[in-house]
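Notes follow once the structure below has been shown.
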Amino acid sequence: MSLAPVITLPTSTSPSQAAVDVEIALLETQLKNETEKIDRRRRGTLAGISKHLGGLRLRQDAVPTLPALVQLTDLKRRRNALSPISLLPAELMSVIFSTSLLFLIDKRRCNVFPEATRLSISHVSHTWREIALASPELWRKVYIREHTSLEYIDGYLRQWISTPDLPIDVEAHEIGYGYGTASVSHMFQAGVGLGRLRRISLKAPKVLLDTLLPELKACSTTIEYLRLLLSEKENKTYVGMPEPGYDSVFCSPSLGRLELHNWIPPPNPLSKSHPISPVHLEISFYPSPALDTIRSLFSYLETTPQLISLALTFGRGDLSWEDDSTPTAIHLPSLERLRLASYSRSALPAILSRLRIPSHIGYLKLLARWEGAVAPEAVEIASAFQHACADIPSPEFLRVWTSSLKGGGDDIRIVAKRTEHSQGLPNDAIVDFAIIEPYERRALMGVTNTYPFYESDLGWLFFNLRCIAVEHCALPLHFWRALAGVSTLEIIHYWVLQQDDGFSQILRGEGVENCDATPSKKPAVFPALRKVKAIFVRTPMFWDVDYAGELALALQRKGITLDSLEFDNCISSIGSECLRTLLQSVANQVVWATAN
Numbered sequence: 001m002s003l004a005p006v007i008t009l010p011t012s013t014s015p016s017q018a019a020v021d022v023e024i025a026l027l028e029t030q031l032k033n034e035t036e037k038i039d040r041r042r043r044g045t046l047a048g049i050s051k052h053l054g055g056l057r058l059r060q061d062a063v064p065t066l067p068a069l070v071q072l073t074d075l076k077r078r079r080n081a082l083s084p085i086s087l088l089p090a091e092l093m094s095v096i097f098s099t100s101l102l103f104l105i106d107k108r109r110c111n112v113f114p115e116a117t118r119l120s121i122s123h124v125s126h127t128w129r130e131i132a133l134a135s136p137e138l139w140r141k142v143y144i145r146e147h148t149s150l151e152y153i154d155g156y157l158r159q160w161i162s163t164p165d166l167p168i169d170v171e172a173h174e175i176g177y178g179y180g181t182a183s184v185s186h187m188f189q190a191g192v193g194l195g196r197l198r199r200i201s202l203k204a205p206k207v208l209l210d211t212l213l214p215e216l217k218a219c220s221t222t223i224e225y226l227r228l229l230l231s232e233k234e235n236k237t238y239v240g241m242p243e244p245g246y247d248s249v250f251c252s253p254s255l256g257r258l259e260l261h262n263w264i265p266p267p268n269p270l271s272k273s274h275p276i277s278p279v280h281l282e283i284s285f286y287p288s289p290a291l292d293t294i295r296s297l298f299s300y301l302e303t304t305p306q307l308i309s310l311a312l313t314f315g316r317g318d319l320s321w322e323d324d325s326t327p328t329a330i331h332l333p334s335l336e337r338l339r340l341a342s343y344s345r346s347a348l349p350a351i352l353s354r355l356r357i358p359s360h361i362g363y364l365k366l367l368a369r370w371e372g373a374v375a376p377e378a379v380e381i382a383s384a385f386q387h388a389c390a391d392i393p394s395p396e397f398l399r400v401w402t403s404s405l406k407g408g409g410d411d412i413r414i415v416a417k418r419t420e421h422s423q424g425l426p427n428d429a430i431v432d433f434a435i436i437e438p439y440e441r442r443a444l445m446g447v448t449n450t451y452p453f454y455e456s457d458l459g460w461l462f463f464n465l466r467c468i469a470v471e472h473c474a475l476p477l478h479f480w481r482a483l484a485g486v487s488t489l490e491i492i493h494y495w496v497l498q499q500d501d502g503f504s505q506i507l508r509g510e511g512v513e514n515c516d517a518t519p520s521k522k523p524a525v526f527p528a529l530r531k532v533k534a535i536f537v538r539t540p541m542f543w544d545v546d547y548a549g550e551l552a553l554a555l556q557r558k559g560i561t562l563d564s565l566e567f568d569n570c571i572s573s574i575g576s577e578c579l580r581t582l583l584q585s586v587a588n589q590v591v592w593a594t595a596n
């Protein structure tokens with residue numbers, strides 16, 4: 001059987017079929033490209049995962065085992081034990097720990113939890129822990145805030161019961177109307193049974209204080225320190241508030257220190273009928289109290305010869321303090337520290353005119369500040385200040401300065417010391433006097449003649465003056481005129497802020513009284529002066545050489561020969577032999593120190 005032959009037919013492609021083939025080829029190319037992109041992304045992702053896993057393995061290898069962690073902690077504690085502070089005596093370390101719990105900024109205390117600080121101290125090192133646990137004063141105070149719970153208070157009470165000799169201090173700050181109020185009340189109730197409440201500090205709205213203080217009566221016999229603050233968040237306008245009956249709290253025989261801050265009169269706890277016996281009294285009134293409150297305050301102070309320290313602050317307000325009754329002097333023979341501050345124009349003169357400050361006082365600070373201060377009132381305050389200091393020995397050293405370093409300071413302060421090295425101890429007085437001016441100081445200092453510190457009848461300040469340091473400010477011509485007549489003044493240190501200052505003008509004869517008098521009748525200028533130190537503080541001062549030459553000429557014309565003439569922080573070199581000769585003609589020793 002024979003096979004049939006195979007016949008191959010020729011093929012032909014239509015135009016439509018060719019177009020389809022081209023489209024298919026394009027799709028295959030696009031698919032291939034997308035596949036390659038996906039493969040590249042996959043490979044990149046896998047590489048990143050591998051790298052991350054490698055990093056995790058390295059970290060895992062670096063994590064120490066539990067014994068290694070214990071060893072590391074032990075090494076840290078040993079290192080802390082060898083720190084310089086840990087080498088201090090245990091008594092000093094205990095004082096440092098206790099000081100670390102104090103708060104400098106009162107407004108932030110509500111957000112600070114000292115109990116956490118105590119725990120941190122005890123976990124630094126074994127030595128620190130031993131010192132902390134052996135320091136009962138570090139654990140004697142309980143801090144109560146708005147959210148302090150009763151369970152927290154009970155935990156402290158259990159600790160105190162187990163240590164019967166440990167006194168109890170309570171500080172409740174901005175307790176508000178939450179758990180804090182109940183915690184304070186619970187603390188007071190427990191204090192009655194324990195009988196060991198010593199120091200109480202409460203800051204709360206007025207309504208809460210009225211509620212809490214009566215509960216304090218039962219344990220008031222043991223209280224040594226009481227500090228009450230009205231919350232600054234409240235309205236501060238209370239009309240017709242009932243007397244809460246504070247008397248038994250304030251009359252505690254053991255009460256040694258009483259502080260009332262942001263107090264709003266009434267109520268007025270100070271009266272002769274209910275005398276109180278603290279030796280440290282501090283009251284700040286807001287606003288400035290009315291006349292009846294001031295009368296009560298004066299009456300009370302007349303019955304407090306035991307006071308060692310007194311601090312009074314009067315808030316804003318221009319209420320009349322004029323009293324038709326016959327004023328009597330207030331003698332405080334035991335007083336060692338006195339601080340008076342006023343935002344009212346009439347408060348300080350009224351207080352100072354009544355007080356008789358003992359000669360042995362160690363520290364006296366007066367601060368006057370009010371809106372729209374005028375010079376006559378400043379002079380009245382200065383006069384009252386001088387009158388109150390009449391029994392204090394006149395200072396030998398004065399420091400006059402302003403707290404502003406920008407040349408336009410808003411306050412002028414005078415610090416008067418018995419000697420330059422006085423420490424503010426009894427019979428070694430430091431007097432700090434400041435008038436704060438809320439407007440440009442030159443309006444009072446440079447134009448009028450009533451700047452309070454240089455009046456001729458204010459002799460106490462200059463009577464025994466031997467050295468004065470003027471810093472941060474350029475005093476007016478009238479101040480230098482008063483200094484020029486001080487027969488005991490030997491040393492002047494001052495900052496040079498301008499080329500033609502008051503010191504140079506006085507030496508040239510400007511602003512001196514009786515300038516038309518004959519030379520024989522003119523008052524002597526700086527008769528005892530023997531040392532001058534001028535410090536150039538505004539750099540660059542390229543006129544420092546000119547200033548030194550003019551000063552030397554002025555000294556020469558006045559016939560003043562100094563033991564020492566110093567110029568500090570100079571920009572220029574003294575250079576000229578003529579200037580050097582001129583300076584040496586008025587001083588036995590000349591020092592020209594250039595700025596570094």
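Using the working numbering, the letters of the sequence shown correspond one by one to residues 1 to 596. Glycine residues also receive a C-beta, built at the ideal position from the N, C-alpha and C atoms.
Classify F298 as helix, strand or coil using the three-state DSSP reduction.
helix
Return the chain-ordered list of same chain residues with a C-beta closer than 8 Å to the C-beta of S273, the five sequence neighbours on each side being excluded.
For S273, the predicted model reports a pLDDT of 46, less than 50, meaning its position is unreliable; a value from the coordinates is still stated below. No residues qualify anywhere along the chain.
How is T313 classed by DSSP in three states: helix, strand or coil?
strand
Inter-residue spacing [alpha-carbon to alpha-carbon] between L579 and W401
31 Å
Looking at S183: is its Cβ nearer than 8 Å to the Cβ of L150?
yes
Contact between the region 163-170 and the region 124-133: three or more CB pairs below 8 Å?
no
Beta-carbon gap between L529 and L489 smaller than 8 Å
yes
Locate the beta strand (DSSP E) running through R199, then write down its first and last residues.
L197 to A204
F285 bridges to which residues according to DSSP?
W263 and F314
Taking only the alpha-carbon atoms, compute the straight-line gap between L367 and A341 and give it to the nearest angstrom.
4 Å
Whole-angstrom C-beta distance between L507 and L555, which should lie under 8 Å:
6 Å
Can you look up Q584 in the DSSP assignment and give me helix, strand or coil?
helix
Beta strand (DSSP E) segment containing E550, residue limits
No beta strand (DSSP E) holds E550; the alpha helix (DSSP H) holding it covers D544 to R557.
By a C-beta neighbour count over all protein chains shown, 10 Å radius and 16 as the cutoff for buried, is D501 buried or exposed?
buried
Nonlocal neighbours in the same chain, by C-beta distance under 7 Å from S504, ignoring five residues either side
E550, L551 and A554
Answer with buried or exposed for V20, where buried requires no fewer than 16 other C-beta atoms within 10 angstroms of its C-beta.
exposed
Short check: CB of I223 to CB of S254, under 8 Å?
yes
Exposure label - I381; buried when at least 16 CB within 10 Å:
buried
Roughly how many angstroms lie between the CA atoms of L562 and E420, to the nearest whole one?
21 Å
Which residue or residues does DSSP assign as beta-bridge partners of C467?
F397 and I491
For C156, which option in E146, E171, W139 and H147 has the closest C-alpha, if you only look at C-alpha atoms?
Per the sequence presented here, residue 156 reads as Tyr, with Cys not at that position. Per the Cα distances, W139.
Same chain only: Cβ atoms within 7 Å of F385, ignoring 5 sequence neighbours per side:
L352, L366 and F433
Start and end of the beta strand (DSSP E) containing I361?
Run containing I361: none; DSSP gives neither H nor E here.
How long is the line joining the alpha carbons of H331 and P114, rounded to whole angstroms?
41 Å
Leaving out five residues before and five after W480 in sequence, what residues of the same chain have Cβ atoms less than 6 Å from its Cβ?
G502, F503 and I506
Compare the beta carbon distance of F97 and S135 with 8 Å and say whether it is the shorter of the two.
yes
Buried or exposed: V591, going by 16 or more other Cβ atoms within 10 Å of its Cβ?
exposed
Spatial neighbours of Y439 in its chain, beta-carbon cut-off 7 Å, leaving aside the 5 residues before and after:
A caution first: Y439 carries a pLDDT of 39, below 50, which makes its placement in the model too unreliable to give a value.
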